[in-house]
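Start counting the sequence shown at 2; every next residue gets the next number (the working numbering).
Everything below concerns the one structure shown next.
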Amino acid sequence: MRTWTRRHLLFSAAATAGLAATASPPAGAVTGKPRETDGPDDTLVRRLRALPGVRIVEERPGAEPGYRFFVLGLRQPVDHTDPSAGTFEQRLTLLHTSAERPTVLFTTGYEAVLTPRRTEPAILLGGNQLQVEHRYFGTSLPRPHDYAYLTVRQAADDHHRVVRTFRRLYPGAWISTGGSKGGMASVYHRRFHPHDVDGTVAYAAPNNVDDRDDSAYLRFLNTVGTAADREALATVQRRLLLHRTELVARYETATTAAGDTFRIVGSADKAFEIAVLRAPFMFWQNGGRPADLAAVPAADASTDELYTWLDRTAGLALYADNNARAFIPYWYQLGTQLGYLDVPTAHLADLLRHPDAIEPRTFVPRTVPMRFDTGAMPDIDRWVRRSGSRLLFVNGTRDPSVAEPFHPGPHDSRVLWVPGANHHTTIAALPETTRTEATTMLTRWTTAGTRPPRS
2 MRTWTRRHLL FSAAATAGLA ATASPPAGAV TGKPRETDGP DDTLVRRLRA LPGVRIVEER
62 PGAEPGYRFF VLGLRQPVDH TDPSAGTFEQ RLTLLHTSAE RPTVLFTTGY EAVLTPRRTE
122 PAILLGGNQL QVEHRYFGTS LPRPHDYAYL TVRQAADDHH RVVRTFRRLY PGAWISTGGS
182 KGGMASVYHR RFHPHDVDGT VAYAAPNNVD DRDDSAYLRF LNTVGTAADR EALATVQRRL
242 LLHRTELVAR YETATTAAGD TFRIVGSADK AFEIAVLRAP FMFWQNGGRP ADLAAVPAAD
302 ASTDELYTWL DRTAGLALYA DNNARAFIPY WYQLGTQLGY LDVPTAHLAD LLRHPDAIEP
362 RTFVPRTVPM RFDTGAMPDI DRWVRRSGSR LLFVNGTRDP SVAEPFHPGP HDSRVLWVPG
422 ANHHTTIAAL PETTRTEATT MLTRWTTAGT RPPRS
């Protein structure tokens, strides 16, 4: 059984922030070379240390020429409305080229990426990049571990404090960005602090505004691809469940051999059912290309082929404790504010055993209180539609995660679609006309004299 990463989750992190940015900038990009970093007197280090609450954890090698890469810590309030609740250190990373260049504020929505890799907006702008690890992920852990402070507003306030702190070093234009859950977090930051940055690029960001009616996801999964494609996936799901006994035993043996268990989900049988139910969603989110469709097991495939395909598509290790434990805060957010999806089950009804299999509660210990806030996402959605400005959403037309997309209003904002693309979208992959439109927007947003006043 493989070791799987967060890219197989519903709201993936590394897949969509333009992280795998192109080697050469698309047409229309700002192509000026990054300026050389500070000299041997290390003015940069002194200026970083002078920022209030900032600690230099380490400077790491591997940055591109003209850049320096730092891992930093910033002391943050656990509760931005109550200083007496204490503080925690939030992990940041910094790719610095020049204080005179634009700065890209980046988040995955999860744990920080600790390699010196620029996002697509940072490449397009030739700018600095400041990454914010989401609270409750990685090492950014408030103590005590009270999930009551894991809200979209508290995370937005984290970002606000980061911007206010680092604007002393980077006074120029700022653009925020993130993919999937990171794109969501970037939008939520703008909702509560709309003037912190000069624009936002959100890749493949779901908008679960209608959590009580998940028909958008069902409609998408019942219409994406061809009828033959959908039938092939439905057939694989049934065959997997018909061979449940053999495949669950193999799954449990592999998990035990890896030193892992199923205490969080409850059993290998339930974890297997979760993977089967999510398989079509994950297939279209991360694949859906002709080669992926050709690799869907045929009706006469062996159980070994079925197991291998399910592991590759849905990531079986995700539902065992070693992975599931790290993503308890993710599921908590889905079950309290962000909302989740629904998947077609009618064709499997006679084979299912766990009615709550894909509910967020499955992944969160019963000792952690969870109550869904029905007003959180409608509030974000209203702001995006009515007041949001300088928002660019880049989506793939075959990505089920954006079955409910954001719909920004007329305030210099756009939704651009990559035809035939899945969750792994980039500006570079847009058709030429819309690609030029996107890069023009970025240039305009970061040009002196066109930036809006900041609060």
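Backbone N, C-alpha and C define an ideal beta-carbon position, used for all residues, glycine too.
Cβ pair residue i, residue j closer than 8 Å
{"i": "W175", "j": "P103", "result": "yes"}
{"i": "E101", "j": "F138", "result": "no"}
{"i": "V403", "j": "P409", "result": "no"}
{"i": "V79", "j": "F89", "result": "yes"}
{"i": "L52", "j": "F167", "result": "yes"}
{"i": "Y189", "j": "P330", "result": "no"}
{"i": "L96", "j": "L73", "result": "no"}
{"i": "Y320", "j": "L248", "result": "no"}
{"i": "V202", "j": "T178", "result": "yes"}
{"i": "P117", "j": "R56", "result": "no"}
{"i": "L142", "j": "R239", "result": "no"}
{"i": "D400", "j": "N208", "result": "no"}
{"i": "G336", "j": "F373", "result": "yes"}
{"i": "T441", "j": "D199", "result": "no"}
{"i": "G288", "j": "N423", "result": "yes"}
{"i": "F282", "j": "L342", "result": "yes"}
{"i": "L222", "j": "V344", "result": "yes"}
{"i": "A377", "j": "K271", "result": "no"}
{"i": "L75", "j": "V105", "result": "no"}
{"i": "L242", "j": "L352", "result": "yes"}
{"i": "G110", "j": "G183", "result": "yes"}
Cross-strand partners of residue i (DSSP beta bridge)
{"i": "L106", "result": "L131, S177"}
{"i": "F407", "result": "F407 pairs with nothing; no bridge assigned."}
{"i": "W418", "result": "N396"}
{"i": "H412", "result": "S390"}
Which listed residue (the options) has its alpha carbon closest to that of residue i
{"i": "D197", "options": "G389, D293, R92, H424", "result": "G389"}
{"i": "S414", "options": "L443, E433, A404", "result": "L443"}
{"i": "G340", "options": "E433, Y189, V210", "result": "V210"}
{"i": "L278", "options": "A235, Y252, G376, G288", "result": "A235"}
{"i": "R136", "options": "N129, T166, H81, G173", "result": "H81"}
{"i": "Q130", "options": "D158, S99, H355", "result": "S99"}
{"i": "W310", "options": "V297, L319, D301, Y320", "result": "V297"}
{"i": "M185", "options": "A299, V419, L393", "result": "L393"}
{"i": "T108", "options": "L125, Q77, E134, A422", "result": "E134"}
{"i": "P370", "options": "R50, Y150, P401, D382", "result": "Y150"}
{"i": "V365", "options": "Y333, E59, R290", "result": "Y333"}
{"i": "L170", "options": "A250, D158, L242, V46", "result": "V46"}
{"i": "T346", "options": "A327, A377, A318, R220", "result": "R220"}
{"i": "K164", "options": "A300, T398, Q77", "result": "It should be pointed out that residue 164 corresponds to Val in this sequence rather than to Lys. Considering only alpha carbons, the answer is Q77."}
{"i": "G63", "options": "G173, L115, R48", "result": "L115"}
{"i": "T58", "options": "Y68, T140, R119", "result": "First, the residue type needs correcting, since residue 58 is Val and not Thr in the sequence shown. Here the closest residue by C-alpha is T140."}
Expected contact under 8 Å - CB spacing of residue i and residue j to nearest Å
{"i": "F273", "j": "D322", "result": "So it is not a contact: roughly 15 Å between Cβ atoms."}
{"i": "S181", "j": "A217", "result": "That pair is no contact at about 17 Å."}
{"i": "P411", "j": "N396", "result": "Not confirmed; about 19 Å, so no contact."}
{"i": "A280", "j": "A315", "result": "5 Å"}
{"i": "E121", "j": "A430", "result": "At roughly 10 Å, the Cβ-Cβ gap does not stay under 8 Å, so E121 and A430 are not in contact."}
{"i": "Q91", "j": "D159", "result": "6 Å"}
{"i": "T256", "j": "A276", "result": "Contact flag wrong, Cβ pair sits at about 12 Å."}
{"i": "H244", "j": "T304", "result": "5 Å"}
| query | In chain order, which continuous runs of the beta strand (DSSP E) of length 3 or greater are located wholly inside the stretch 184-225? | reply | 200-204
| said: List, from N- to C-terminal side, the alpha helix (DSSP H) runs of 4 residues or more that fit wholly inside the stretch 268-353. | reply: 269-287, 291-295, 304-315, 322-325, 329-334
| Which whole runs of the alpha helix (DSSP H) in the stretch 44-97 are 4 residues long or more, in chain order? | 44-51
| query | Which runs of the alpha helix (DSSP H) spanning at least 4 residues fall entirely within the stretch 222-251, listed in chain order? | reply | 228-243
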